[in-house]
Structures are given as C-alpha cells and as structure tokens.
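Report on the structure given below.
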Amino acid sequence: MILTILKMKTGFKNTLVLKSIRALGYLLSFIIATVAIGDIIYAFYKIWIR
260 MILTILKMKT GFKNTLVLKS IRALGYLLSF IIATVAIGDI IYAFYKIWIR
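What follows is the structure in structure tokens.
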C-alpha cells in the first residue's frame, strides 16, 4: 500500500506511459513474428506443392 502511494507520487503517468510503450513494443514484435512465420510457412507450402 505504501509502495503504491510512493509510486503514484513519483511520476505515476511516467510509469503508465512506459508500460504502454512496452506493451506496444511486445504487440508489434508479436505481429512481426507471426507475419514472418506465416511467410515461411507459405514459402514451404509453395515449394511442396511444386
């Protein structure tokens, strides 16, 4: 409880912004990874069909 109050006093918005940026970064990297995996699977699929 005391820790949360101290956190709120020492730039609550700052930590919120940092957390949101980190979350966006994770989301972006996840999307990039899924797209890359999809591309690889699609390439293998095309190769196997031929």
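The opening residue of the sequence shown carries number 260 in my numbering; numbering runs sequentially from there.
C-beta atoms are modelled at their ideal positions from N, C-alpha and C, and glycine is treated no differently.
Here the structure is a predicted model, which means the values were calculated and not measured.
Backbone secondary structure at residue i - three-state DSSP
{"i": "residue 309", "result": "coil"}
Beta-carbon proximity list for residue i, same chain, < 6 Å, skipping 5 on both sides
{"i": "residue 397", "result": "Any question about residue 397 goes unanswered here, given that the chain covers just 260 to 309."}
Contacting residues, own chain, Cβ-Cβ under 7 Å from residue i (five flanking each side not counted)
{"i": "residue 280", "result": "none"}
Other residues of its chain near residue i: CB distance less than 8 Å, five sequence neighbours each side excluded
{"i": "residue 277", "result": "none"}
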